[in-house]
Amino acid sequence: MTIALIDRFRAVLPVSEATPVISLGEGSTPLLSAPRLSERLGVEIWLKWEASNPTGSYKDRGMTMAVSKAAEDGAEAVICASTGNTAASAAAYAARAGIPAVVLTPEGAVAGAKVSQTRMLGAKVLEVRGDFDEALAAAQELSHRGTHVLVNSINPYRREGQKTAVYEIVEELGTAPDAFVIPYGGGGNTSAYAIAIGELGISTPIYSVEAEHRPTTLASAIRIGDPVHAASVQAAGANIVTVSDDEIVAAWLELATTEGLFCEPSSAAGLAAIRRGAVQGERVVLTITGHGLKDTEAADRYAPPLAQVDADPDAIAAAARA
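For the sequence shown, this note's numbering assigns the number 6 to the initial residue and increments by one for each residue that follows.
Next comes the structure, spelled out in structure tokens:
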């Protein structure tokens with residue numbers, strides 16, 4: 006039987022017996038060794054495969070907390086602004102709780118697969134004429150009116166849930182790694198990791214990796230111009246590394262072809278930083294935040310092209326060698 010994240014980490018989470026546990030079996034994700042990448046790059050790399058969460062991203066860790074607490078408080082509805090992963094997670098957990106969800110997406114800035122996923126999960130999806138920051142401001146304003154509970158990472162329960170990834174990593178390794186490497190969009194996950202680091206009394210540095218051109222990066226999950234948690238990221242002492250889209254794509258393809266993990270482009274930002282030599286330490290943990298099936302449009306643009314062949318063994322063998 007799968008243990009809900011809230012039940013597994015109840016001792017370090019702000020919940021009580023009165024908190025209903027809204028769970029889809031999140032957390033307890035694999036920590037995978039990356040032997041070929043490690044040999045190639047000269048550093049021991051471990052991959053925290055958060056894509057195995059129920060909706061395909063790490064957001065589920067925080068959403069189980071945010072929606073459970075919203076249900077405890079008798080929320081009429083939840084709302085979020087999203088570049089995709091928060092949207093799907095909010096929709097799924099709201100559906101599980103029987104609470105309506107409203108999702109605001111910035112116009113033309115969200116991968117189509119994520120929008121489809123969110124719509125299938127029953128949320129009311131509204132495309133805002135503006136960027137993510139404008140969508141978030143609107144969601145915040147509506148939440149202040151008391152009709153909707155905001156479930157973006159501004160909600161502190163989100164970060165409480167997300168911090169559990171650090172607890173799992175330390176438990177699985179048997180010790181703290183030399184570095185945590187994570188993508189940097191809004192900064193909520195950096196803030197969450199910093200909370201856990203403080204609670205565990207370890208000193209592992211965080212490397213938060215952002216896209217060079219935030220508002221237009223191909224890595225749509227971190228396409229956020231004004232990180233809402235920038236102050237928390239700074240307070241955490243995180244090492245901010247900026248990588249180009251070309252570096253992200255190269256790392257994304259290498260992760261897939263070398264270790265067999267198909268992630269969304271933003272998840273490869275951390276590997277781009279490691280490949281550049283910007284991360285210090287002998288043993289590092291790279292958090293893979295979302296599944297590649299979240300952004301199949303980007304995969305179609307950058308994956309090797311399809312080739313047609315006759316149904317003939319000799320032709321197939323020749324094509325395979327080409």
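Just so it is clear, CB atoms sit at the ideal spot from N, CA and C, and this is done for glycine as well.
- Along the length of the segment 7-58, whole beta strand (DSSP E) runs at least 3 residues long occupy 36-38, 49-54, reported in chain order.
- Shown here for Ile293: same chain residues with a beta carbon closer than 7 Å to its own, the five before and five after excluded, namely Leu52, Lys53, Trp54, Glu55, Ala56, Leu266, Cys268, Ser272 in chain order.
- The criterion of a C-beta distance shorter than 8 Å is not satisfied by Asp78 and Pro111.
- Around the beta-carbon of Ala278, 16 or more other beta-carbon atoms lie within 10 Å, marking it buried.
- Of the other Cβ atoms in all chains shown, fewer than 16 fall within 10 Å of the Cβ of Thr180; this residue is therefore exposed.
- Closest by C-alpha distance to Tyr172, out of Asp317, Ser33, Asp315, Ala323, is Ser33.
- The alpha carbon of Glu264 has as its nearest neighbour, out of Ser28, Ile50, Leu18, the alpha carbon of Ile50.
- Fewer than three Cβ pairs drawn from the segment 189-209 and the segment 95-110 lie within less than 8 Å of each other, which leaves the two stretches out of contact.
- Sequence-distant Cβ neighbours of Ala128 in its own chain, meaning closer than 6 Å and more than five residues away, are Ala96, Ala106, Val108.
- Cβ-Cβ separation between Ser208 and Ala243: approximately 13 Å, too far for a contact (criterion under 8 Å).
- Counting along the chain, the unbroken alpha helix (DSSP H) around Pro161 starts and ends at 161-167.
- Per the C-alpha coordinates, the member of Ala303, Ser62, Arg288 positioned closest to Pro182 is Arg288.
- Within the DSSP secondary-structure output, His296 pairs in a beta bridge with Cys268.
- Within the same chain, Cβ atoms closer than 7 Å to the Cβ of Thr7 are found at Gly30, the five residues on either side in sequence being excluded.
- A straight-line Cα-Cα distance of about 9 Å links Gln285 and Val48.
- If the five residues before and after Ala75 are omitted, its C-beta is found closer than 8 Å to the C-beta atoms of Val83, Ala102, Ile104, Val154, Val156, all from its own chain and listed in chain order.
- In this structure, the alpha-carbon of Arg280 lies about 45 Å from that of Ala80.
- Between Gly203 and Gly67, the gap from beta carbon to beta carbon reaches 8 Å or more.
- CA-to-CA, the gap between Pro35 and Gly61 works out to about 13 Å.
- Under the DSSP definition of a beta bridge, Ile279 lacks any partner.
- Counting along the chain, the unbroken beta strand (DSSP E) around Leu131 starts and ends at 129-133.
- The residue among Ser249, Ala184, Val233, Leu205 with its C-alpha nearest the C-alpha of Glu215 is Ser249.
- DSSP places Asn244 in the strand class (E or B) of the three-state scheme.
- Here Thr69 is buried: its Cβ has 16 or more other Cβ atoms, across all protein chains shown, within 10 Å.
- Excluding five sequence positions before and after Ala201, the CB atoms of its chain that fall closer than 7 Å to its own CB belong to Lys168, Val171, Tyr172, given in chain order.
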